[in-house]
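Protein chains: 2
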Amino acid sequence: MEHGGILTYTNLRTHFLDFSCNINPLGISSKSKTELINSISKLTLYPDIKYLNLKNEVAKYLNCKIEEVLLGNGAVEIIDNLCATFDRIIVCPPCFSEYELRAKIRNKDLLLLPQTKDFLIDVNLLIKNIKSGDLLILANPNNPTAKRLQKELLLDIYKIVHERNAFLLLDEAFFEFCPEDYDSIDIFKKYNFENICILRAATKFFALPGIRLGYACTSKRTVNCIEYFEQPWHINSFAEAAAKIIFNDTDFIFKSKQYIFEARDTFFKELKDNSKIGKIKFEPYTSDCNFILIKLLNATDKEAQDFLKKHNILVRTCSSFKTLSDNHIRIAVRSKEDNAKFIQALFE
Amino acid sequence: MEHGGILTYTNLRTHFLDFSCNINPLGISSKSKTELINSISKLTLYPDIKYLNLKNEVAKYLNCKIEEVLLGNGAVEIIDNLCATFDRIIVCPPCFSEYELRAKIRNKDLLLLPQTKDFLIDVNLLIKNIKSGDLLILANPNNPTAKRLQKELLLDIYKIVHERNAFLLLDEAFFEFCPEDYDSIDIFKKYNFENICILRAATKFFALPGIRLGYACTSKRTVNCIEYFEQPWHINSFAEAAAKIIFNDTDFIFKSKQYIFEARDTFFKELKDNSKIGKIKFEPYTSDCNFILIKLLNATDKEAQDFLKKHNILVRTCSSFKTLSDNHIRIAVRSKEDNAKFIQALFE
Numbered sequence: 014m015e016h017g018g019i020l021t022y023t024n025l026r027t028h029f030l031d032f033s034c035n036i037n038p039l040g041i042s043s044k045s046k047t048e049l050i051n052s053i054s055k056l057t058l059y060p061d062i063k064y065l066n067l068k069n070e071v072a073k074y075l076n077c078k079i080e081e082v083l084l085g086n087g088a089v090e091i092i093d094n095l096c097a098t099f100d101r102i103i104v105c106p107p108c109f110s111e112y113e114l115r116a117k118i119r120n121k122d123l124l125l126l127p128q129t130k131d132f133l134i135d136v137n138l139l140i141k142n143i144k145s146g147d148l149l150i151l152a153n154p155n156n157p158t159a160k161r162l163q164k165e166l167l168l169d170i171y172k173i174v175h176e177r178n179a180f181l182l183l184d185e186a187f188f189e190f191c192p193e194d195y196d197s198i199d200i201f202k203k204y205n206f207e208n209i210c211i212l213r214a215a216t217k218f219f220a221l222p223g224i225r226l227g228y229a230c231t232s233k234r235t236v237n238c239i240e241y242f243e244q245p246w247h248i249n250s251f252a253e254a255a256a257k258i259i260f261n262d263t264d265f266i267f268k269s270k271q272y273i274f275e276a277r278d279t280f281f282k283e284l285k286d287n288s289k290i291g292k293i294k295f296e297p298y299t300s301d302c303n304f305i306l307i308k309l310l311n312a313t314d315k316e317a318q319d320f321l322k323k324h325n326i327l328v329r330t331c332s333s334f335k336t337l338s339d340n341h342i343r344i345a346v347r348s349k350e351d352n353a354k355f356i357q358a359l360f361e
Numbered sequence: 014m015e016h017g018g019i020l021t022y023t024n025l026r027t028h029f030l031d032f033s034c035n036i037n038p039l040g041i042s043s044k045s046k047t048e049l050i051n052s053i054s055k056l057t058l059y060p061d062i063k064y065l066n067l068k069n070e071v072a073k074y075l076n077c078k079i080e081e082v083l084l085g086n087g088a089v090e091i092i093d094n095l096c097a098t099f100d101r102i103i104v105c106p107p108c109f110s111e112y113e114l115r116a117k118i119r120n121k122d123l124l125l126l127p128q129t130k131d132f133l134i135d136v137n138l139l140i141k142n143i144k145s146g147d148l149l150i151l152a153n154p155n156n157p158t159a160k161r162l163q164k165e166l167l168l169d170i171y172k173i174v175h176e177r178n179a180f181l182l183l184d185e186a187f188f189e190f191c192p193e194d195y196d197s198i199d200i201f202k203k204y205n206f207e208n209i210c211i212l213r214a215a216t217k218f219f220a221l222p223g224i225r226l227g228y229a230c231t232s233k234r235t236v237n238c239i240e241y242f243e244q245p246w247h248i249n250s251f252a253e254a255a256a257k258i259i260f261n262d263t264d265f266i267f268k269s270k271q272y273i274f275e276a277r278d279t280f281f282k283e284l285k286d287n288s289k290i291g292k293i294k295f296e297p298y299t300s301d302c303n304f305i306l307i308k309l310l311n312a313t314d315k316e317a318q319d320f321l322k323k324h325n326i327l328v329r330t331c332s333s334f335k336t337l338s339d340n341h342i343r344i345a346v347r348s349k350e351d352n353a354k355f356i357q358a359l360f361e
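If you read the protein sequences in the order shown, they are chains A and B. Numbering of the first sequence is given in our numbering, commencing with residue 14 and proceeding in unit increments. Numbering of the second sequence is given in our numbering, commencing with residue 14 and proceeding in unit increments.
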């Protein structure tokens with residue numbers, strides 16, 4: 014399985030609790046639904062080819078300048094376009110498989126710098142290898158490890174990248190699920206986002222994978238360079254419409270964060286407490302966001318997947334993540350009720 | 014102006030009759046609206062990464078095999094991906110500006126083979142130039158000339174393309190607005206779509222530019238080759254939902270064709286009858302679809318645009334179309350009432 018949520022296209026959608034897909038369990042707000050219904054009548058118009066209103070909403074939400082905003086038909090489009098403009102792509106597995114795949118498809122040199130055993134970026138390895146023209150792609154928090162970069166480490170890495178005239182793509186698709194320790198956009202604003210692009214999306218936190226809206230903050234120069242490659246009208250009208258609501262829905266944002274923080278802490282504790290007494294023995298890694306990586310102690314990922322499937326639960330096997338062996342699964346933090354069902358399934 | 018409908022993103026949307034944009038004036042059917050509203054609750058799921066149901070609907074509508082279907086986030090994505098896989102791109106101006114632009118962005122050699130004075134493809138010029146590895150892009154009917162390729166000419170061109178081991182991208186974005194003389198998909202099915210890709214879209218006839226759905230018929234081999242470049246989840250969920258309705262809505266399809274055929278004939282006759290007696294003198298070219306190219310006799314395109322703007326009418330200037338000088342405008346066939354307003358404006 015190269016991606017989570019992959020089984021959702023069949024009729025399985027209705028029968029399974031999908032823990033393989035890391036989406037905000039609160040779903041779409043009713044405000045957003047109303048706005049989307051209203052926008053249907055506007056589908057007969059082309060989206061704004063410059064996306065001025067959409068960019069303006071993103072800029073307000075991210076607290077950056079409108080000229081620093083880059084949009085994508087999902088986050089992957091921005092990753093792909095960035096890969097197209099560099100000579101070599103550096104990725105640090107285990108991480109989202111699309112980084113490596115886009116580099117290959119764009120016919121780029123690829124360098125893998127594996128993370129340490131504790132899932133940290135190996136700064137010494139980075140110093141030894143990174144050079145001008147490189148695009149380093151890091152996720153913050155990282156998928157599937159759920160680890161957020163410590164602020165000091167992030168600053169160290171940026172310093173190296175900047176000094177070597179390389180470029181850092183920081184994929185923060187799960188940003189809003191993280192502890193509010195720092196905001197990388199605030200940090201790198203004073204550098205005018207030189208040599209860095211901070212990528213986020215409506216997909217996970219705003220529970221809108223179907224709407225395809227990725228967005229990023231980077232320097233004006235990089236915006237101009239990437240927009241040259243973009244296809245006209247690459248963002249659909251519904252994404253334009255949703256942006257008017259989701260980024261201003263402070264109530265939904267606050268409630269979602271609160272809910273996920275609580276649900277994750279409870280779920281993690283329950284997992285930990287029950288990790289050695291069911292049929293499957295395991296060790297959950299601490300998580301900085303809305304999913305949890307689990308090390309299996311007496312089963313392969315495929316065996317655990319099959320076991321849980323019998324209880325109508327889908328999980329993400331992790332063998333396809335480079336450097337992770339076949340003894341890891343990743344599970345989403347879903348609603349408190351669903352998480353309880355997961356725990357229960359371990360003993361059935 | 015590189016594209017029609019470009020002014021629609023400002024508040025001008027509500028104040029102007031937009032003849033610069035060639036969309037079915039009957040708009041979206043109520044059936045489609047209902048389906049789109051129902052699909053909003055499914056936005057929290059990723060679209061099917063393989064788009065099996067969507068491809069199945071397209072295959073049924075186009076009357077081809079599901080393995081012969083290629084999908085795009087709008088037709089431009091398919092044009093762009095095809096450009097990426099060939100050495101040289103041949104375009105025959107005047108035509109849609111994106112053909113040339115995508116070739117440049119993909120860093121490809123570009124060959125321009127201008128159309129004849131009567132807006133026909135110059136077959137001798139083609140024979141002299143085309144070679145293995147070339148991608149020839151033709152629109153059928155062509156934008157902005159509104160000319161459909163005669164069946165015999167199309168077969169002649171395909172023969173040349175096939176013999177030279179080149180490739181033909183036939184952009185049929187306006188197919189359903191054309192006379193029902195032949196269907197290129199029926200013709201090239203027996204060749205298993207070898208060396209040809211026939212491109213269509215929900216944008217114009219189904220009045221859904223905002224939903225971004227392009228689709229094409231080509232050989233299985235080409236489908237596999239192009240899908241390698243595609244980004245995952247490049248089509249949004251609303252496009253998936255709309256496809257279930259629009260392609261099966263025979264009533265809407267029949268009514269729209271009927272309406273456009275009548276509206277165009279009346280509009281053309283009115284234009285012709287009034288072409289020499291208003292302030293602006295002109296000559297309309299006959300049209301095979303839902304827009305009309307007009308040659309101005311005593312004004313530039315910019316002057317005509319300004320004149321009509323005073324009457325709240327937007328038209329597409331044509332100077333940006335290579336080989337057309339600044340004395341052409343393109344106008345859409347809109348509703349019968351709107352078309353009457355256009356004629357009236359000529360005399361105000």
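C-beta: ideal position from N, C-alpha, C; glycine also.
Proline 222 of chain B (DSSP reduced to helix, strand or coil): helix
Whole-angstrom distance between arginine 347 of chain B and phenylalanine 32 of chain B, CA atom to CA atom: 7 Å
Within chain B, the residues that aspartate 93 of chain A reaches when beta carbons sit closer than 7 Å: Gln244
Ranges of the alpha helix (DSSP H) found wholly within the segment 187 to 275 of chain B, counting only runs of at least 4: 197 to 202, 233 to 240 and 250 to 259
Cβ pair count under 8 Å reaching 3, the segment 71 to 78 of chain A against the segment 86 to 97 of chain A: no
Check whether lysine 117 of chain A and arginine 101 of chain A have beta carbons under 9 Å apart: no
Three-way DSSP call (helix, strand, coil) for threonine 21 of chain A in this model: At threonine 21 of chain A the pLDDT is 46, less than 50, meaning the model places this residue with poor confidence; the figure from the coordinates comes in the next sentence. Note: threonine 21 of chain A maps to helix in three-state DSSP.
Euclidean distance between Cα positions of threonine 21 of chain A and serine 338 of chain B: With a pLDDT of 46 at threonine 21 of chain A, under the threshold of 50, the modelled position of that residue is not reliable, and the figure given next carries that caveat. Taking the straight line joining both Cα atoms gives about 53 Å.
First through last residue of the beta strand (DSSP E) which encompasses glutamate 296 of chain B: 295 to 297
Beta-bridge pairing of phenylalanine 320 of chain B - partner residues as DSSP gives them: In the DSSP output, where bridge partners are listed per residue, phenylalanine 320 of chain B has none listed.
Length of the line joining the Cα atoms of lysine 322 of chain B and isoleucine 293 of chain B: 14 Å
Members of the segment 35 to 64 of chain B that neighbour chain A once the beta carbon cut-off is set at 7 Å: Ile36, Gly40, Ile41, Lys46, Leu49, Ile50, Ile53, Lys55, Leu56, Thr57, Leu58, Tyr59, Pro60, Asp61, Ile62 and Lys63
Chain A contact residues for arginine 225 of chain B, given Cβ-Cβ distances below 7 Å: Trp246 and Asn249
Pair within 9 Å by beta-carbon distance, leucine 148 of chain A and phenylalanine 180 of chain A: yes
Partner residues on chain A for valine 89 of chain B, Cβ-Cβ distance less than 7 Å: Gln244 and Pro245
Cβ pair count under 8 Å reaching 3, the segment 260 to 279 of chain A against the segment 125 to 134 of chain A: no
Short Cβ contact (9 Å threshold) for lysine 308 of chain A with histidine 341 of chain A: yes
Which residues DSSP lists as bridging phenylalanine 180 of chain A, in chain order: A/Leu148
8 Å CB neighbourhood of tyrosine 64 of chain B in its chain, flanking five on each side removed: Leu84, Ile248 and Glu253
Under 8 Å (Cβ pairs) to chain A, residues found in the segment 200 to 230 of chain B: Ala220, Leu221, Pro222, Gly223, Ile224 and Arg225
Proximal chain B residues relative to isoleucine 118 of chain A, where beta-carbon distance stays under 8 Å: Tyr241 and Phe242
Coil, strand or helix - arginine 101 of chain B by DSSP: strand
Beta carbon proximity, alanine 252 of chain A to chain B, threshold 9 Å: yes
Extent of the continuous beta strand (DSSP E) run through arginine 343 of chain A: 341 to 345
Which listed residue (B/Lys55, B/Asn156 and B/Gln244) has its alpha carbon closest to that of lysine 46 of chain A: B/Lys55
Within chain B, the residues that histidine 16 of chain A reaches when beta carbons sit closer than 7 Å: Ile62 and Pro245
Valine 136 of chain A: first and last residue of the uninterrupted alpha helix (DSSP H) it sits in: 136 to 142
Those residues which DSSP pairs with lysine 308 of chain B across a bridge: B/Glu296 and B/His341
Cβ of serine 115 of chain A within 9 Å of any chain B Cβ: For the sequence presented, residue 115 of chain A should be read as arginine rather than serine. For arginine 115 of chain A, the answer is yes, since a Cβ of chain B falls inside 9 Å of its Cβ.
Rounded distance between the beta-carbons of leucine 221 of chain B and alanine 215 of chain B, thought under 8 Å: 5 Å
CB contact below 9 Å: asparagine 137 of chain B versus chain A: no
Assigned exposure category for threonine 336 of chain B - 16 Cβ within 10 Å defines buried: exposed
Other residues of its chain near histidine 16 of chain B: CB distance less than 6 Å, five sequence neighbours each side excluded: none
Opening and closing residue of the beta strand (DSSP E) in which aspartate 122 of chain B lies: 122 to 125
Glutamate 243 of chain A beta carbon less than 9 Å from that of asparagine 94 of chain A: yes
Cα-Cα separation between aspartate 319 of chain B and isoleucine 103 of chain A, rounded to whole angstroms: 53 Å
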